[in-house]
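Asks: In full-length UniProt numbering, the protein residues as written are 1 to 206.
A virtual CB, placed ideally from N, CA and C, is assigned to each residue, including glycine.
Just so it is clear, the structure is predicted and the values come from calculations on it, not from any experiment.
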């Protein structure tokens with residue numbers, strides 16, 4: 001089968017030699033020694049050591065409204081961007097971590113109320129992807145949802161969880177500038193706005 005549809009090897013072509021947790025908290029860090037199958041060979045690699053960061057699955061949603069010609073993004077402080085030359089306050093889609101066996105859809109509906117006050121009905125799944133598979137196990141589920149947006153933004157979040165979130169309502173006409181001016185620096189929001197850009201083109205050509 002073509003590589004586009006199916007990976008060259010499955011997970012059974014990885015041989016774990018040892019694994020040891022170095023840290024256990026909200027995230028977990030594991031030291032893994034392993035061998036993996038080599039391309040175009042019958043042999044496996046020599047033993048390689050990797051540090052693996054375990055994070056729970058997460059889900060996010062781009063909320064938009066074709067009638068209002070607007071979409072919602074949130075802004076908040078992010079420790080991962082603390083040393084960013086521009087700002088640690090990042091523009092993002094609404095998102096959160098799945099709680100136990102919670103479904104991505106349930107997570108998104110909960111986070112949408114907490115971070116924007118918006119109630120979501122229909123969700124459209126766009127992609128599920130690994131944001132940083134070179135070192136992190138997190139799987140991110142990206143959705144879009146058309147919903148009634150408030151007339152203006154505001155401050156949201158759960159203060160007892162250290163959240164301080166500003167909701168921004170942005171015009172469709174600003175998408176191109178946002179995607180090119182360097183303000184967006186995380187994959188989910190860039191992917192979501194690229195999808196919305198295509199959605200707008202499609203609906204306007206109907």
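(1) May I ask you to report which of helix, strand or coil DSSP gives residue 109?
(2) What residues are listed by DSSP as bridge partners for residue 18?
(3) With a threshold of 8 Å, are at least 3 pairs of Cβ atoms found where one atom belongs to the region 129-144 and the other to the region 75-87?
(4) Hey, quick one: how far does the beta strand (DSSP E) through residue 125 stretch, first residue to last?
(5) Measuring CA to CA, which of 64, 137 and 54 is closest to residue 195?
(6) Going by DSSP in three states, residue 43 sits in which element: helix, strand or coil?
(7) Would a C-beta distance cut-off of 8 Å place residue 116 and residue 93 closer than the cut-off?
(8) Relative to the alpha-carbon of residue 78, which residue among 165, 181, 180 and 36 has its alpha-carbon at the smallest distance?
(9) Short of 7 Å in beta carbon distance, which residues of its chain neighbour residue 114, apart from the five on each side in sequence? Order them along the chain.
(10) To the nearest angstrom, report how far apart residue 96 and residue 191 are at their CA atoms.
(11) Could you check which residue in 28, 69 and 122 has the C-alpha nearest to that of residue 204?
(12) Within the UniProt domain "Nudix hydrolase" (54-192), note down every full beta strand (DSSP E) run reaching 3 residues or more, in order along the chain.
(13) Rounded C-beta distance between residue 107 and residue 99? I'm assuming under 8 Å.
(14) Tell me, please, whether the region 24-32 touches the region 3-14 by the rule of three or more beta-carbon pairs shorter than 8 Å.
(15) Apart from the five residues just before and just after residue 91, which ones in its own chain have a Cβ nearer than 7 Å to its Cβ?
(16) Between residue 104 and the rest of its own chain, which residues show a CB-CB distance below 6 Å, the 5 nearest in sequence each way excluded?
(17) How about residue 147 and residue 171: are their beta carbons less than 8 Å apart?
(18) Looking only at its chain, what residues have a beta carbon closer than 6 Å to the beta carbon of residue 9, apart from the 5 residues adjacent to it on each side?
Replies: For this structure:
(1) helix
(2) 33
(3) no
(4) 124-129
(5) 64
(6) coil
(7) no
(8) 165
(9) 156, 157 and 158
(10) 17 Å
(11) 69
(12) 58-65, 70-77, 89-92, 94-97, 124-129, 140-146, 154-156 and 165-171
(13) 7 Å
(14) no
(15) 73, 75, 183, 184 and 189
(16) 59 and 141
(17) no
(18) 37
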